[in-house]
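Engineer: Anchor point for the sequence shown: position 133 equals 411 in our numbering, and the numbering is continuous, going up by one each time. We put the CB at the ideal spot given by N, CA and C, even for glycine. Pasting a structure here, questions to come.
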Amino acid sequence: MEFVTLGTAGGPVPLKHRAQPAHAVISGERTILIDCGDGAMGQLMKAGIDFRHVNEIIISHHHFDHIGGLYTCLGINMMLQRKSPLKIYGPPGTSEIIRGLLESCNVPRATGFGIPGQTLPHPNEFVEVYDLLPEHTLNFDDLRIS
């Protein structure tokens, strides 16, 4: 198992040499993203981690610096026509945030990103969201998060 720090800058203001909060836990073929600050997808690529292997995202709390990269994550997966579920876990209110982001995908999805005749899957087709209470424990194969 490997833990990769992708970003540790606190607060919503971008910094020149530090990215916003995001960490990857890699266990075999599974990559779990913990928090998804602005720029998290690019930070994954800089670390040599294929973002297509991210099947779970865990949001620690709803500050902007921890969720600012979610829209990019949803958009990239939509454009690449993701088939497998992307499971997003977070505190109560996470489903409301994701619902709003998914709704905002309708306009760019309708444009087809300039590819005539191409229909992009709506992120609703691959995103699963789970609001968790503090006492909830997540179990992923050999990893337990509580």
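If we count Cβ pairs, one from each stretch, closer than 8 Å, do we get three or more for the region 373-383 versus the region 411-421?
Structural biologist: no
Engineer: By how many angstroms is the C-alpha of R360 removed from the C-alpha of E334?
Structural biologist: 13 Å
Engineer: Taking the alpha-carbon of T350 as reference, which of V291, P386, Y408 has the nearest alpha-carbon?
Structural biologist: P386
Engineer: For G371, which option in N355, H400, V407, P363 has the closest C-alpha, if you only look at C-alpha atoms?
Structural biologist: When only C-alpha atoms are compared, the closest one is V407.
Engineer: Considering only C-alpha positions, which residue in the set H400, G395, Y367, I366 is nearest to V382?
Structural biologist: Contrary to the premise, residue 382 reads as Ser rather than Val in this sequence. Comparing Cα-Cα distances from S382 to each of H400, G395, Y367, I366, the minimum goes to H400.
Engineer: If we require 3 or more residues per run, which beta strand (DSSP E) segments fall completely within the region 334-380?
Structural biologist: 364-368
Engineer: Apart from the five residues just before and just after G289, which ones in its own chain have a Cβ nearer than 8 Å to its Cβ?
Structural biologist: Cβ neighbours of G289 beyond the five flanking positions: D343.
Engineer: Quick check on this structure: which residue in D409, S373, M357 has the alpha carbon closest to the alpha carbon of Q396?
Structural biologist: M357
Engineer: Taking only beta-carbon atoms, is I354 less than 9 Å away from chain B?
Structural biologist: Of the protein chains in this structure there is only one, and it is not chain B.
Engineer: Across which residues does DSSP place T309 in a beta bridge pair?
Structural biologist: I304, V332
Engineer: Using a Cβ-Cβ cut-off of 7 Å (strictly less than) and excluding sequence neighbours within five positions of N402, which residues of its own chain qualify?
Structural biologist: L380
Engineer: With distance defined between alpha-carbon atoms, name the residue in L293, E280, P299, H341 nearest to G326.
Structural biologist: E280
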